[in-house]
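Participant: Chains as they are written, first to last, in the numbering used here: chain A, 154 to 286; chain B, 327 to 838. C-beta: ideal position from N, C-alpha, C; glycine also. Remember, predicted model here, so these are calculated numbers, not experimental data.
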Amino acid sequence: MAQVFTSPNPIGKKILCVEDEHFISELYVRALTKAGYEVTVEVDGGLALELAKSNQFDVILLDLMVPTMTGIEMLRHLRDPQETPQLRSKIIITTNLEQRDDIRADIENRADGYLVKAEITPRELVEFVNSIK
Amino acid sequence: MDHLQKFAAQFRTRMFLILFTNSMFILGAWWIADSFLIAEPELMLAFLISVSIISIAILGWLSAKYLIQPITYIWQSILHVSPETANTPAPNLKHVLFGRELVTALVSHVYQMANVVDAVEKTAGEKHHDLHTDFVANSLPLPLAVLDKDMNILFVNNALLKYTGRADADTAGQNVYSVLDMSFTNEHTFDRWLEKARADKITSSHLWERVRLNVPESNHPRLFDLVAYYNKNNPEGFEIMLVLFDRTRQYSQDDQAMSFVALAVHELRTPLTLLRGYIDVFEEELDGKLDDEMAGFMRKMKAAAQQLAAFTTNVLNVSRFENDQLVLSLQEEKWGPLLESAVNDMQLRAGVRGVKVTLKVDDALPAVGADAVSVYEVIVNLLDNAIKYSGKSKEIIVRSYLTKDGLIETTVQDFGTGIPESAMGNLFDKFYRDYHNRDKVGGTGMGLYISKAIVTAHGGNIWVRSKEGQGTTFGFTLVPYAKLADGQKKGDNADVTRTAHGWIKNHSMYRR
Numbered sequence: 154m155a156q157v158f159t160s161p162n163p164i165g166k167k168i169l170c171v172e173d174e175h176f177i178s179e180l181y182v183r184a185l186t187k188a189g190y191e192v193t194v195e196v197d198g199g200l201a202l203e204l205a206k207s208n209q210f211d212v213i214l215l216d217l218m219v220p221t222m223t224g225i226e227m228l229r230h231l232r233d234p235q236e237t238p239q240l241r242s243k244i245i246i247t248t249n250l251e252q253r254d255d256i257r258a259d260i261e262n263r264a265d266g267y268l269v270k271a272e273i274t275p276r277e278l279v280e281f282v283n284s285i286k
Numbered sequence: 327m328d329h330l331q332k333f334a335a336q337f338r339t340r341m342f343l344i345l346f347t348n349s350m351f352i353l354g355a356w357w358i359a360d361s362f363l364i365a366e367p368e369l370m371l372a373f374l375i376s377v378s379i380i381s382i383a384i385l386g387w388l389s390a391k392y393l394i395q396p397i398t399y400i401w402q403s404i405l406h407v408s409p410e411t412a413n414t415p416a417p418n419l420k421h422v423l424f425g426r427e428l429v430t431a432l433v434s435h436v437y438q439m440a441n442v443v444d445a446v447e448k449t450a451g452e453k454h455h456d457l458h459t460d461f462v463a464n465s466l467p468l469p470l471a472v473l474d475k476d477m478n479i480l481f482v483n484n485a486l487l488k489y490t491g492r493a494d495a496d497t498a499g500q501n502v503y504s505v506l507d508m509s510f511t512n513e514h515t516f517d518r519w520l521e522k523a524r525a526d527k528i529t530s531s532h533l534w535e536r537v538r539l540n541v542p543e544s545n546h547p548r549l550f551d552l553v554a555y556y557n558k559n560n561p562e563g564f565e566i567m568l569v570l571f572d573r574t575r576q577y578s579q580d581d582q583a584m585s586f587v588a589l590a591v592h593e594l595r596t597p598l599t600l601l602r603g604y605i606d607v608f609e610e611e612l613d614g615k616l617d618d619e620m621a622g623f624m625r626k627m628k629a630a631a632q633q634l635a636a637f638t639t640n641v642l643n644v645s646r647f648e649n650d651q652l653v654l655s656l657q658e659e660k661w662g663p664l665l666e667s668a669v670n671d672m673q674l675r676a677g678v679r680g681v682k683v684t685l686k687v688d689d690a691l692p693a694v695g696a697d698a699v700s701v702y703e704v705i706v707n708l709l710d711n712a713i714k715y716s717g718k719s720k721e722i723i724v725r726s727y728l729t730k731d732g733l734i735e736t737t738v739q740d741f742g743t744g745i746p747e748s749a750m751g752n753l754f755d756k757f758y759r760d761y762h763n764r765d766k767v768g769g770t771g772m773g774l775y776i777s778k779a780i781v782t783a784h785g786g787n788i789w790v791r792s793k794e795g796q797g798t799t800f801g802f803t804l805v806p807y808a809k810l811a812d813g814q815k816k817g818d819n820a821d822v823t824r825t826a827h828g829w830i831k832n833h834s835m836y837r838r
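#1: Quick test of your reading: B/Ala-431 and B/His-329, contact by CB under 8 Å. State the CB separation rounded to the nearest angstrom.
#2: Strictly below 8 Å CB to CB, what residues from chain A border B/Glu-610?
#3: Contact criterion: CB-CB distance below 8 Å. Does B/Arg-602 meet it with respect to chain A?
#4: DSSP has B/Leu-664 in a bridge; who is on the other side?
#5: What residue from B/Tyr-399, B/Leu-600, B/Phe-481 has the CA that sits closest to B/Asp-462's CA?
#6: Please confirm if B/Ala-525 has its CB atom under 8 Å from at least one CB of chain A.
#7: What three-state label does DSSP hand B/Ile-358 in the structure shown?
#8: What residue range does the beta strand (DSSP E) around B/Arg-646 cover?
#9: Thinking just about the alpha-carbon of each residue, which of B/Ile-528, B/Thr-529, B/Leu-549, B/Ser-531 is nearest to the one in B/Val-537?
#10: With 8 Å set as the bound, which would you pick, yes or no: does the beta-carbon of A/Lys-166 sit closer than that to a beta-carbon of chain C?
#11: Spell out whether any CB of chain B is found under 8 Å from the CB atom of A/Phe-176.
#12: Please compile the residues from chain A whose C-beta is within a distance smaller than 7 Å of the C-beta of B/Thr-592.
#13: Could you name the residues of the same chain whose beta carbon sits closer than 8 Å to that of B/Arg-679, not counting the 5 residues immediately before and after it, in chain order?
#14: Near A/Ser-178, what residues of its chain come up, given a Cβ to Cβ distance below 6 Å and the 5 sequence neighbours on each side ignored?
#15: What are the residues that DSSP puts in a beta bridge with B/Ile-780?
#16: Shorter than 8 Å from the beta carbon of A/Glu-172 to some beta carbon of chain B?
#17: Excluding the five sequence neighbours on either side, which residues of its own chain have a C-beta within less than 6 Å of the C-beta of B/Gly-817, listed in chain order?
#18: I need the boundaries of the alpha helix (DSSP H) containing B/Lys-756, first residue and last residue.
#19: Using the three-state DSSP reduction, which class does B/Gly-817 fall into: helix, strand or coil?
#20: Confirm, please, whether the CB-CB distance from B/Val-738 to B/Leu-708 is below 8 Å.
#21: My output table needs one value for B/His-532: the three-state DSSP class, helix, strand or coil.
#22: Run the CB neighbour count on A/Ser-207, radius 10 Å, all protein chains shown included, and call it buried at 16 or more, exposed below.
#23: For a test of the three-state rule: what should DSSP assign to A/Leu-169, helix, strand or coil?
#24: Mind listing the chain A neighbours of B/Ala-635? Cutoff is C-beta to C-beta under 8 Å, in chain order.
#25: With DSSP run on the structure shown, which of helix, strand or coil describes B/Leu-363?
#26: Measuring alpha carbon to alpha carbon, tell me which residue in B/Ile-788, B/Ala-485, B/Val-422, B/Pro-597 is nearest B/Phe-571.
#27: Let's test the definition: count the other Cβ atoms within 10 Å of the Cβ of B/Ile-380 and tell me whether it reaches 16, buried, or not, exposed.
#28: Measure the Cβ-Cβ separation of B/Leu-656 and B/Ala-629 and say whether it is below 8 Å.
#29: Taking only three categories from DSSP, how would you classify B/Asn-557?
#30: Does the separation of the CB atoms of B/Phe-654 and B/His-784 fall below 8 Å?
#31: Using only CA atoms, which one of B/Ile-734, B/Asp-731, B/Val-724, B/Ser-792 lies nearest to B/Ala-845?
#32: Kindly indicate which residue of A/Ser-160, A/Glu-277, A/Leu-215 has the alpha-carbon position closest to the one of A/Ile-260.
#33: Which bits of chain A does B/Leu-598 rub up against, with CB to CB less than 7 Å?
#34: In chain order, what residues of the same chain lie with their CB nearer than 6 Å to the CB of B/Ala-676, ignoring the 5 residues before and after it?
#35: Can you round the beta-carbon distance between B/Gly-773 and B/Asp-710 to whole angstroms, since I take them to be within the 8 Å contact cut?
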């Protein structure tokens, strides 16, 4: 089940964090809610897809290795104009798994951003999310 | 037979008329001579023999041409259809004076037989041709396809049908991509080559490695090397020929080795993400609350985590480089800010060892063509090296300037232990470490190896100068963006902003 974390000083922006490593999502939630974002955490890919389709999120942080449906598959569903028309959310891939070149190119076509989790700290993540127009 | 009977009747009539005319002529001559000229019977006999000979000669001469005319026409028709005398005109049968039906029938038989011979020869020729192509093409144990100028399939051999999983499919006339769903490792694709070949070549051939074939209803793509041959305006219409060399097994083994490294790095990165996350939290929450010693430990811990992150990236890049998967995307970058951000990120790691990094960048450097993520790793590796080998010296100087050749050169200079002459030649080899320092300084020998690969892929050079006891300077050049060959620029991704740790799209320009 998805968990929703509100911000003590909300700026009115919502983030969906698809992440199955609880310790990582805990750190991200802490930093992002502090910065004013409301964060919904979902560990299951299939459920996360349904949530994402509700189109209520400004940003989706998408881990590629999550249960029931991989991030790549979710990305395909979310970028299918027939299945998900007019998705307003910006999709940022957050991963620690290095991709093959063809998958890399696929991600570059469909996603709005890409981050290697080990390369950034939670505060750097907040800076990155703040920079999304 | 009707024509023959009619001809015989006509012939008989004409022979009768000729012989009758001849007899009348001789009788007439005898009557005239008997009545008015000759009395003696001996003389009369001699006269009549002479007249008969003359009359037969004249009539024979006049009628021979007439009687053999049908044979002349038939002979002319035979000459007309014979290959050696094909210049002989066809007989004009309107001028046949008798036996026209028989002559016309015989001539048309000649023509028909000639046609039959032609057809037989042609079929025999084609059979011979088919035998060749069938045997070579179908028995060739390599998938082969022949395409016309519109890239539609003219011929595919059995090996190709089998390879693409379409054993029973009728592929003739289909576009090549509907049969061969190929993806290439970079932008130098078959289409692009063909476009260029069509523009300025009569014949051309090319090899692509690691082409991926997506097979319908199969989750296992095939990997192969592709060879293409192009022949402009081939008379048979065979404009393009493709031959596939299956390499699925070899390339999959490489991929598995690569994915093992990727998985191992993933396992390293997950706890690393957490460590860096917690350090980040502590740093924020404990800011100003720690004594100097604790604050120092905190910085060292953070530096160690950064170092580990850089190491995992090196491992991945070495693996990618060795599997030909290190594909860079060179974009127009301002070099000063990029260099400054990398140096700033390394100040922490230098600082915990008491080393200060000074940056001196010339003004007005032109924009470089660089892959920001990769080139950041080069700077990190060179600085990491300089920090490790600084010894007692506490200063590192990073400079960047324009060379006489118009390249942007960046140097990292330390004043530490230096590198012995004997080791200089091997520095950029994989896993090479200076044996003098092997026990004193940690490291894997991957940093310089991958740095060289990255700089070379940028079209630049990397070099080293060193003197034992006085320090070492590493330098590398980058090419100004304006001087990059068009093929190296990644123009179609101009809306992507790359940072050291990822990328983001410019949303105002971004449309799917």
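Facilitator: Taking the coordinates as given:
#1: Here residue 431 of chain B refers to the residue found at position 105 of the second sequence. Here residue 329 of chain B refers to the residue found at position 3 of the second sequence. For a cut-off of 8 Å, the C-beta gap from B/Ala-431 to B/His-329 is around 5 Å, short enough to register as a contact.
#2: In the second sequence, residue 610 of chain B corresponds to position 284, counting from 1. Result: Arg-276.
#3: The sequence position of residue 602 of chain B within the second sequence is 276, counting from 1. Closer than 8 Å to the CB of B/Arg-602 there is at least one CB belonging to chain A.
#4: By one-based count along the second sequence, residue 664 of chain B stands at place 338. Beta-bridge partners assigned by DSSP to B/Leu-664: none are found.
#5: For the purposes of this step, residue 462 of chain B is taken as the residue at position 136 of the second sequence. It is Val, not Asp, that sits at residue 462 of chain B in the sequence shown. Ranking the options by Cα distance to B/Val-462, first place goes to B/Phe-481.
#6: Taking the first residue of the second sequence as position 1, residue 525 of chain B is located at position 199. Cβ-Cβ to chain A under 8 Å: no for B/Ala-525.
#7: For the purposes of this step, residue 358 of chain B is identified with residue 32 of the second sequence, where counting begins at 1. DSSP places B/Ile-358 in helix when its eight states are reduced to three.
#8: Along the second sequence, read from residue 1 onward, the residue named residue 646 of chain B stands at position 320. Taken as a continuous stretch (DSSP letters only), B/Arg-646 belongs to no beta strand (DSSP E), being part of the alpha helix (DSSP H) at 618 to 648.
#9: Counting from 1 along the second sequence, the entry for residue 537 of chain B is found at position 211. The shortest C-alpha to C-alpha distance from B/Val-537 to any of B/Ile-528, B/Thr-529, B/Leu-549, B/Ser-531 is the one to B/Leu-549.
#10: Of the protein chains in this structure, namely A and B, none is chain C.
#11: For this step, residue 176 of chain A is matched to residue 23 along the first sequence. Judged by the 8 Å Cβ criterion, A/Phe-176 is in contact with chain B.
#12: Here residue 592 of chain B refers to the residue found at position 266 when the second sequence is read from its first residue. According to the sequence provided, residue 592 of chain B is His. The question's Thr does not apply to it. Going along chain A in sequence order, the residues near B/His-592 (Cβ under 7 Å) are Asn-249, Leu-250.
#13: Looking up residue 679 of chain B in the second sequence gives position 353. Same-chain partners within the cutoff: Ile-713, Ser-716.
#14: Mapped onto the first sequence, residue 178 of chain A falls at position 25. Once the five neighbours on either side are set aside, the close Cβ partners of A/Ser-178 are Cys-170, Glu-172, Val-194.
#15: As a working note, residue 780 of chain B is residue 454 in the second sequence. Answer is none; B/Ile-780 lacks a bridge partner.
#16: Working through the first sequence from its first residue, we reach residue 172 of chain A at position 19. Cβ-Cβ to chain B under 8 Å: no for A/Glu-172.
#17: As a first step, residue 817 of chain B is located in the second sequence; it is residue number 491 there, counting from the start. Low per-residue confidence applies at B/Gly-817: pLDDT is 47, beneath 50, and the placement is therefore not dependable enough to give any value.
#18: Taking the first residue of the second sequence as position 1, residue 756 of chain B is located at position 430. Looking at the DSSP string, B/Lys-756 is not in any alpha helix (DSSP H), and its letter there is neither H nor E.
#19: The count along the second sequence starts at 1 and reaches residue 817 of chain B at position 491. Note on B/Gly-817: pLDDT 47, under 50, position unreliable in the model; no value is reported.
#20: Position 382 of the second sequence, counted from the start, is the residue given in the question as residue 708 of chain B. Position 412 of the second sequence, counted from the start, is the residue given in the question as residue 738 of chain B. Yes; because the gap between Cβ atoms is below 8 Å, this pair is in contact.
#21: Residue numbering aside, residue 532 of chain B sits at position 206 when the second sequence is read from its first letter. Residue state for B/His-532 is assigned as strand, using DSSP reduced to three classes.
#22: Position 54 of the first sequence, counting from 1, holds the residue named residue 207 of chain A. Exposed: under 16 other Cβ atoms inside 10 Å.
#23: Working through the first sequence from its first residue, we reach residue 169 of chain A at position 16. DSSP, read as helix, strand or coil, puts A/Leu-169 in strand.
#24: Numbered from its first residue, the second sequence carries residue 635 of chain B at position 309. Per Cβ cutoff of 8 Å: Ala-271, Glu-272.
#25: Locating residue 363 of chain B in the second sequence gives position 37, where the first residue counts as 1. B/Leu-363 falls in the helix class under three-state DSSP.
#26: Along the second sequence, read from residue 1 onward, the residue named residue 571 of chain B stands at position 245. Nearest of B/Ile-788, B/Ala-485, B/Val-422, B/Pro-597 to B/Phe-571, Cα basis: B/Ala-485.
#27: Walking along the second sequence from the start, residue 380 of chain B turns up at place 54. When all chains shown are included, B/Ile-380 counts as exposed.
#28: Here the question's residue 656 of chain B lines up with position 330 in the second sequence. Here the question's residue 629 of chain B lines up with position 303 in the second sequence. No, these two residues do not count as a Cβ contact at 8 Å.
#29: Position 231 of the second sequence, counting from 1, holds the residue named residue 557 of chain B. Three-state result, B/Asn-557: strand.
#30: As a position in the second sequence, residue 654 of chain B is number 328, starting the count at 1. As a position in the second sequence, residue 784 of chain B is number 458, starting the count at 1. Note on identity: in this sequence residue 654 of chain B is Leu, with Phe being the wrong assignment. Yes; because the gap between Cβ atoms is below 8 Å, this pair is in contact.
#31: In this structure chain B extends from 327 to 838, so residue 845 of chain B is not present and cannot be described.
#32: As a working mapping, residue 260 of chain A is identified with position 107 in the first sequence. The option with the nearest alpha carbon to A/Ile-260 is A/Leu-215.
#33: As a working mapping, residue 598 of chain B is identified with position 272 in the second sequence. Here the neighbours are Ala-271.
#34: Position 350 of the second sequence, counted from the start, is the residue given in the question as residue 676 of chain B. These residues qualify, in order along the chain: Val-683, Ile-713.
#35: For this step, residue 773 of chain B is matched to residue 447 along the second sequence. For this step, residue 710 of chain B is matched to residue 384 along the second sequence. Their Cβ separation, rounded to whole angstroms, is 6 Å, which keeps B/Gly-773 and B/Asp-710 in contact under 8 Å.
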